[in-house]
Every structure is written in structure tokens, then in C-alpha cells.
Amino acid sequence: MSDQDLDKILFNEELIFLDLDMDNKEELLKFMSEKLHARKYVKKSFAENLIKREHAYPTGLKANSIGLAIPHTDAEHVEKSCIAVSVLKRPIDFIAAGSFEDLVEINIVVLLALKDPNHQLVLLQNLVDLIQNEEVLRTIINSNNKKGVADIINKNLLNKI
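With the numbering used here, the residue at position 122 of the sequence shown is 253, and numbering never jumps.
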């Protein structure tokens, strides 16, 4: 993937949501989708399709004591490619990837809104690598500023593309 392709995936501090207090994954995914829709990154249809896809193909992952979810949906619901990150005040349950019943407590959500499906595979591979680094995940959870989280994501996710 070239640097030009990377430039097409927007990630900045306005797409980071810290210390969120949500009751469930649907509430969280609606919140994140609404924020992206308000900024014209996704279509109105994004939220509903994101939630449907998360039910059909769960994305919860757990490494050691930290849970990370990677919700995403089809490119037809995306206006401009972007990545949004939410760090939760308290974990919420997602279904584990590859399961339809095993629950995983999630602390961090990395939402992918991508127009090019090829980007999705590369980013998912990098996210799987990221979740194996508990030190980096703990730094994200403990960060109290968006710039710190943005720097970590850029270094450990986007700069590997």
C-alpha cells in the first residue's frame, strides 16, 4: 500500500473519543456512527449496517486482560475512509470474533470506515498485531489526551502500512 493510499484514510484527534461511558455495544456503535456521519465520513445507513454486521460477524478480541473490538461494515456506507477510536470508561460486552455466544469485555474500539476493501484486510492484520502488545494497549487506556492516543495509533497501526 502506497503513501498516497494511506493519505486517503483519515485519522485525527477529532475521531478519538476518550473515557466514554456506554451501557452496551449498540449504544456505542450508534454514538460513534453519529459522530462520523455528522462529519460527513459515513452515510446515514452506516450505523444500522455496522450493528447488523457486528451481530453477524462479531469482532471482539481479547489479549491478556484487555479487550479490543474492530467493528466495520461495507464500503457502500462510507463517504470518506477513516478510523475512529473509543476508549471506554468501563468495559462493555462484545461477542468474541469467530463465536456467536462467547462474550469479551471490551476496553478499546477501533472502528473502520473504509471505501477500499483492500485497506480493510491490511488494517485488520495490523490491529491483530496491535492487540498482542498489551503495553501499547494499556498506554492507550491510560492516556488522558487525544494526541497521545493519536500518536500511538499512528505509530503502531498506520505507519506499518
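C-beta atoms are modelled at their ideal positions from N, C-alpha and C, and glycine is treated no differently.
All values derive from a computational prediction rather than experimental measurement.
Residues bridged to residue i (per DSSP)
i      : result
HIS203 : LEU243
LYS193 : GLY198
ALA217 : Note that residue 217 is Ser in the sequence shown here, rather than Ala. Note: SER217 sits in a beta bridge opposite PHE148, VAL240.
Short Cβ contact (8 Å threshold) for residue i with residue j
i      : j      : result
LEU159 : ILE223 : yes
THR204 : PHE231 : no
ILE239 : ILE271 : yes
LEU141 : SER217 : no
MET153 : LEU219 : yes
VAL241 : ILE201 : yes
ASN285 : LEU261 : no
LYS175 : HIS168 : yes
Beta-carbon separation (whole angstroms), residue i vs residue j, contact threshold 8 Å
i      : j      : result
ALA281 : GLU144 : 5 Å
ASN195 : GLU265 : 5 Å
ALA206 : ASP247 : 7 Å
Element boundaries [beta strand (DSSP E), containing residue i]
i      : result
ALA227 : ALA227 -> no beta strand (DSSP E), and no H or E assigned at all.
ASP150 : 147-151
Unbroken alpha helix (DSSP H) run spanning residue i, endpoints
i      : result
ILE262 : 248-262
GLU165 : 156-169
**Asked** Quick one: any contact between the segment 224-244 and the segment 181-199, if contact means 3 or more CB pairs under 8 Å?
**Response** yes
**Prompt:** Does the pairing of the segment 271-279 with the segment 201-214 give three or more beta-carbon distances under 8 Å?
**Reply:** no
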